[in-house]
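Numbering (the working numbering), first residue to last: 641 to 999.
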Amino acid sequence: MHPTLFHLGPIPIRSYGFMIMIGFLVAVHLAGRRARKVGADEEFVLNLGLLALVVGIIGARAFFVIHRLPQFLAQPNPVLAMLNIIGGGLEFYGGFLSAVVAVIIYLRLKKKSIRWYLDILAPSIMLGLAFGRIGCLLNGCCWGGVTSLPMAIRFPYFSLPFQHQVFETQQLAVPGEFLVASPDRSPDLFHGEILEMTDEEFQAELETAKPDTPLGAIYGRHHGHLERYGVTLADLRELIERMDLRSLPVHPTQLYSSLNAVFISVILGMYFWRRKRHGMVVAWMFVIYPISRFLLEMVRTDNAQDTFGLTVSQGVSVAVIPLALLLMWVLHRLPEVSPRAKAEMEAHAAKQARPVEGK
641 MHPTLFHLGP IPIRSYGFMI MIGFLVAVHL AGRRARKVGA DEEFVLNLGL
691 LALVVGIIGA RAFFVIHRLP QFLAQPNPVL AMLNIIGGGL EFYGGFLSAV
741 VAVIIYLRLK KKSIRWYLDI LAPSIMLGLA FGRIGCLLNG CCWGGVTSLP
791 MAIRFPYFSL PFQHQVFETQ QLAVPGEFLV ASPDRSPDLF HGEILEMTDE
841 EFQAELETAK PDTPLGAIYG RHHGHLERYG VTLADLRELI ERMDLRSLPV
891 HPTQLYSSLN AVFISVILGM YFWRRKRHGM VVAWMFVIYP ISRFLLEMVR
941 TDNAQDTFGL TVSQGVSVAV IPLALLLMWV LHRLPEVSPR AKAEMEAHAA
991 KQARPVEGK
């Protein structure tokens with residue numbers, strides 16, 4: 641787990657954002673190559689990718705915030721908490737569906753073939769997701785349930801899986817040295833970022849932070865806690881190592897999800913060149929991914945079953961599958977080749993056949 645991958649000077653480069661960007665670049669590059677081979681507009685595909693990225697991130701964050709609205713409203717600064725994407729919190733389905741709607745609207749405005757271009761994008765969408773799930777692993781989110789399987793992984797102290805097992809499922813117990821009283825007197829874990837400081841750095845931060853600010857209050861509570869137990873930050877770090885304070889072994893669902901997305905991307909990419917009817921690649925994506933996501937949610941424990949006894953992602957999956965089947969039914973009542981796509985392919989072929997001046 642490496643939430644911060646590296647630093648560019650004083651600027652931290654977050655793993656999740658970095659992997660999303662790498663996934664975006666690879667996905668758009670391959671979609672562009674696919675577009676070029678079939679006579680579509682490669683530059684237009686790049687525009688679609690940028691639109692999908694921006695709208696997707698906004699939609700994913702909005703879905704996450706709406707799903708957990710009471711938690712955000714309980715924060716000291718709800719608006720700032722909602723906008724703090726760096727702190728984590730994106731729901732793939734929110735971004736996925738928002739991006740698809742935005743792309744469809746844009747294609748319609750530009751009078752381009754919707755089903756043709758969505759077919760071009762579909763394998764790349766899944767490949768981009770594969771990179772994003774590696775970002776989830778590095779960030780420590782989207783974890784699975786406890787398991788004894790050989791591929792199980794353990795997350796470090798203060799990671800989200802560790803906190804979940806301490807406070808939500810109560811599968812882990814920690815010594816009192818690591819339980820700091822929160823403002824409402826409920827126990828909270830000694831903050832991981834403070835533990836990474838030296839005692840001298842923490843003392844300097846404590847002296848410069850204003851006591852009446854949220855950060856100053858956090859530092860003050862942790863300083864009082866250290867004095868009460870008569871320990872230093874170095875003592876706590878040593879205790880973590882000695883006690884091997886990590887989460888219980890859990891399913892590496894992030895890796896499962898990444899491999900699943902790669903598999904779907906490969907299948908869709910192969911089918912793209914064999915399909916006879918435009919629109920069927922994206923239609924199959926809307927069938928295969930929801931089924932696999934429903935199954936993956938069964939071994940994840942980070943999402944509550946608060947949607948008719950299902951997780952919200954399972955609920956969305958159940959809703960999407962019949963819509964995808966309906967889309968297939970509609971596609972079989974349309975011409976196999978999109979008329980707009982056919983016109984664009986013919987225009988591209990004519991342009992390629994036109995002799996170059998001066999030769």
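For every residue, glycine included, the Cβ atom is placed at its ideal position computed from N, Cα and C.
Contact set for residue i: own chain, Cβ-Cβ below 6 Å, skip 5 residues either direction
i, result
"threonine 947", "Gly955"
"alanine 901", "Met766, Leu769 and Ala770"
"glycine 663", "Gly768, Phe771 and Gly772"
"lysine 916", "Glu976"
"leucine 747", "Ile754 and Tyr757"
"arginine 708", "none"
"glycine 703", "Per the sequence shown, the amino acid found at residue 703 is phenylalanine instead of glycine. Contacts found: Glu731 and Gly734."
Cβ-based burial, residue i [other Cβ within 10 Å; buried from 16]
i, result
"glutamine 711", "exposed"
"valine 906", "exposed"
"lysine 999", "Reliability of the predicted coordinates at lysine 999 is poor, the pLDDT of 49 falling under 50, and the value obtained from them is presented with this limitation in mind. Lysine 999 is exposed by the Cβ-count criterion."
"valine 719", "exposed"
"lysine 991", "exposed"
"alanine 983", "exposed"
"alanine 775", "A small correction: the amino acid at residue 775 is glycine; alanine does not occupy that position in the sequence shown. Buried, since its Cβ has 16 or more Cβ neighbours within 10 Å."
"asparagine 717", "exposed"
"valine 681", "Reading off the sequence shown, one finds aspartate at residue 681, where the question assumed valine. Buried, since its Cβ has 16 or more Cβ neighbours within 10 Å."
"glutamate 847", "exposed"
"glutamine 805", "buried"
"threonine 951", "buried"
"aspartate 852", "exposed"
"alanine 981", "buried"
"serine 978", "buried"
"glycine 729", "buried"
"phenylalanine 830", "buried"
"phenylalanine 842", "buried"
"glycine 949", "exposed"
"glutamate 986", "exposed"
"glycine 816", "exposed"
"leucine 777", "buried"
"histidine 865", "buried"
"valine 695", "buried"
"valine 970", "exposed"
"histidine 972", "exposed"
"alanine 714", "exposed"
"glycine 919", "buried"
Closest residue to residue i among the options (Cα-Cα distance)
i, options, result
"leucine 686", "Ile774, Tyr757 and Tyr733", "Tyr757"
"valine 922", "Ile754, Gln715 and Arg701", "Ile754"
"glycine 1027", "Ala821, Val740, Ala671 and Gly679", "In the structure as shown, the chain starts at 641 and stops at 999, and residue 1027 therefore has no counterpart that could be examined."
"cysteine 781", "Ser788, Phe802 and Met791", "Phe802"
"glutamate 845", "Gly729, Gly832, Tyr859 and Val927", "Tyr859"
"asparagine 932", "Phe912, Gly919, Ser957 and Arg914", "A small correction: the amino acid at residue 932 is serine; asparagine does not occupy that position in the sequence shown. When each option's Cα is compared against that of serine 932, the closest is Ser957."
"glycine 988", "Met641, Arg676, Leu645 and Gly649", "Reading off the sequence, residue 988 comes out as histidine, not glycine. It is Arg676 whose Cα lies nearest to the Cα of histidine 988."
"glutamate 840", "His863, Leu749, Arg973 and Arg825", "His863"
"arginine 673", "Leu971, Leu966, Trp913 and Glu937", "Trp913"
"alanine 993", "Gly679, Leu749, Gly816 and Leu800", "Gly679"
"leucine 936", "Met968, Ala959 and Leu899", "Leu899"
"proline 1020", "Leu723, Ala857 and Met883", "No information on residue 1020 is available, as it lies outside the stretch 641 to 999 that the chain covers here."
"proline 962", "Tyr929, Ala944 and Asn943", "Tyr929"
Contact test: residue i Cβ vs the ligand SAH heavy atom, cutoff 7 Å
i, result
"leucine 974", "Although the ligand SAH was asked about, the structure shown includes no ligands whatsoever."
Extent of the continuous alpha helix (DSSP H) run through residue i
i, result
"isoleucine 931", "920-937"
"isoleucine 961", "952-971"
"threonine 893", "893-912"
"alanine 821", "Premise fails: alanine 821 lies in the beta strand (DSSP E), 819-821, not in any alpha helix (DSSP H)."
"proline 652", "Here proline 652 belongs to no alpha helix (DSSP H); instead the beta strand (DSSP E) covers 651-654."
"isoleucine 697", "682-707"
"tryptophan 756", "754-779"
"serine 738", "732-749"
"glycine 832", "832-835"
"serine 880", "First, the amino acid is wrong: residue 880 is isoleucine here, not serine. Looking at the DSSP string, the run of the alpha helix (DSSP H) that includes isoleucine 880 is 873-883."
"methionine 985", "979-993"
"alanine 721", "718-723"
"threonine 941", "That residue, threonine 941, is in no alpha helix (DSSP H); it is neither H nor E in DSSP."
"alanine 844", "839-848"
"alanine 857", "854-869"
"phenylalanine 798", "That residue, phenylalanine 798, is in no alpha helix (DSSP H); it is neither H nor E in DSSP."
Residues near residue i in its chain [Cβ-Cβ closer than 8 Å; skip 5 each side]
i, result
"leucine 761", "Ala671, Val685, Leu688, Gly689, Ala692, Val743 and Val922"
"asparagine 779", "Met641, Pro643, Arg654, Ser655, Tyr656 and Gly728"
"glutamine 811", "Val786, Gln805 and Leu888"
Run of the beta strand (DSSP E) containing residue i, from where it starts to where it stops
i, result
"proline 827", "827-829"
"histidine 647", "644-648"
Close-in-space but distant-in-sequence residues of the same chain around residue i (CB under 7 Å, 5 per side omitted)
i, result
"leucine 908", "Ala762, Pro763, Met766, Val921, Trp924 and Met925"
"histidine 647", "Ile653"
"tyrosine 619", "Nothing can be reported for residue 619: it is not among the residues displayed for the chain, which extend from 641 to 999."
"glycine 784", "Val890, His891, Pro892, Thr893, Val939, Arg940 and Thr941"
Under 8 Å, with one C-beta from each stretch per pair, do the stretch 721-735 and the stretch 876-889 reach the 3-pair mark?
They do not touch, by the three-pair rule.
So, does the stretch 836-851 touch the stretch 873-880, judging by three or more C-beta pairs under 8 Å?
Because the criterion of three Cβ pairs below 8 Å is met, the stretch 836-851 and the stretch 873-880 touch.
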